[in-house]
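Residue numbers (my numbering): 806 to 943. C-beta atoms are modelled at their ideal positions from N, C-alpha and C, and glycine is treated no differently. Below is one structure, written out as structure tokens; the observations come after it.
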């Protein structure tokens with residue numbers, strides 16, 4: 806797996822706006838808790854497709870994938886954080902998925918077994934393409 810770049814949130818928002826405008830329009834990075842005005846806010850940005858052999862966890866820093874994300878294990882968010890943000894310009898494939906924060910996927914979401922999406926009415930799972938999974942729990 807390639808390592809992400811840790812960019813100030815305003816630079817990450819500019820990259821996202823240029824490379825995946827449909828995804829960028831769905832999330833306002835100027836809003837709390839991720840503010841482009843906050844010089845201490847950063848995002849982890851993967852420039853291109855990402856393949857993870859194992860699990861992929863999103864923590865407190867927003868994660869932006871400017872390509873597709875392929876995970877052989879669990880993909881999850883809110884890792885050691887009450888709030889999380891995962892933005893993927895392309896498709897997402899995983900064996901299992903657990904989403905509690907804001908997730909926006911510009912392509913398809915394909916999960917071999919179960920997608921558990923618990924937004925607690927604060928966040929949402931937005932998939933611009935098709936969602937395919939053996940089970941979806943919302």
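In the structure shown, the three-state DSSP call for residue 871 is coil. For residue 932, the CB contacts under 6 Å within the same chain, skipping 5 residues up- and downstream, are 910, 914 in chain order. Between the stretch 819-827 and the stretch 857-864 there are fewer than three C-beta pairs closer than 8 Å, too few to call the two in contact. Of all alpha-carbon atoms in 889, 870, 901, 891, the one lying nearest the alpha-carbon of residue 877 is that of 901. For residue 807, there is no enclosing beta strand (DSSP E), as DSSP marks it with neither H nor E. With a threshold of 16 other beta carbon atoms within 10 Å, residue 882 meets it and is buried.
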